[in-house]
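**Student:** Here it is, the structure in full.
In my numbering, the protein residues as written are 5 to 147.
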C-alpha cells in the first residue's frame with residue numbers, strides 16, 4: 005500500500021466517527037499509547053480536541069480506556085456531563101492480545117449502567133477498537 009492509500013484509509017476514520025468540521029470533541033484517558041494517527045485525523049477535521057476540564061458542550065467524547073484504568077461506569081457517567089443531547093461517546097479499548105485489553109462483556113455491562121447503549125463497533129487503528137455509545141432515544145428526549 006502506498007502512503008496516499010494509507011492516508012485515505014485513515015482519513016475515512018473521521019467519517020466513520022461522524023466527526024464534522026466545527027464539532028467539539030472532548031478527549032479523555034489520553035496516554036502515550038493512544039493512536040496518534042487517529043487523533044491527527046480528528047484534529048484535522050474538527051480542530052483541537054478539548055480535555056475533561058472544558059466548560060463547553062461537546063458533540064463527541066473520545067474515551068481511551070484500558071482494563072486497569074479504574075471504574076468504567078463512573079468514567080462513562082463523567083463523560084456524559086458535557087455531552088450534547090445527541091452526542092456520542094466513542095469508547096476506545098485495546099484490541100484482544102494487546103496490553104490493557106477490555107473484554108466486550110465489561111462494556112456490555114457498564115454502558116447500560118451508565119445510561120448508554122452500544123450501537124456499533126469499529127476498527128479504530130492497529131491497536132484499538134472503538135465502541136459507539138449513545139443515550140437511548142427515550143433518555144435523549146428527556147434530557
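Note that CB positions come from ideal geometry on N, CA and C, so glycine has one too.
What residue range does the alpha helix (DSSP H) around residue 93 cover?
**Tutor:** Here residue 93 belongs to no alpha helix (DSSP H); instead the beta strand (DSSP E) covers 87-98.
**Student:** Identify the residues that DSSP records as bridge partners of residue 133: which are they?
**Tutor:** 97 and 127
**Student:** Which runs of the beta strand (DSSP E), 3 residues or longer, sit entirely within the region 7-66?
**Tutor:** 29-32
**Student:** Is residue 138 helix, strand or coil by DSSP?
**Tutor:** strand
**Student:** How would you call residue 25, buried or exposed, if buried means at least 16 neighbouring beta carbons within 10 angstroms?
**Tutor:** exposed
**Student:** Report buried or exposed for residue 115, applying the criterion of at least 16 other Cβ atoms within 10 angstroms of its Cβ.
**Tutor:** buried
**Student:** Round the Cβ separation of residue 42 and residue 17 to the nearest angstrom and send it over; I've been treating them as touching at under 8 angstroms.
**Tutor:** 6 angstroms
**Student:** Please classify residue 140: is it buried, with 16 or more other beta-carbons within 10 angstroms of its beta-carbon, or exposed?
**Tutor:** By the neighbour-count criterion, in which 16 or more other beta carbons inside 10 Å mark a residue as buried, residue 140 falls on the exposed side.
**Student:** Out of curiosity, what's the CA-to-CA distance linking residue 23 and residue 64?
**Tutor:** CA-to-CA, the gap between residue 23 and residue 64 works out to about 8 angstroms.
**Student:** Near residue 123, what residues of its chain come up, given a Cβ to Cβ distance below 8 angstroms and the 5 sequence neighbours on each side ignored?
**Tutor:** Once the five neighbours on either side are set aside, the close Cβ partners of residue 123 are 136, 137 and 138.
**Student:** Nearest-angstrom Cα distance between residue 113 and residue 101?
**Tutor:** Between residue 113 and residue 101, the C-alpha separation is close to 21 angstroms.
**Student:** Hey, could you find the ends of the alpha helix (DSSP H) residue 120 is sitting in?
**Tutor:** Careful: residue 120 lies outside any alpha helix (DSSP H) and carries neither H nor E.
**Student:** Do the region 24-40 and the region 70-88 touch if we need at least three Cβ pairs shorter than 8 angstroms?
**Tutor:** yes
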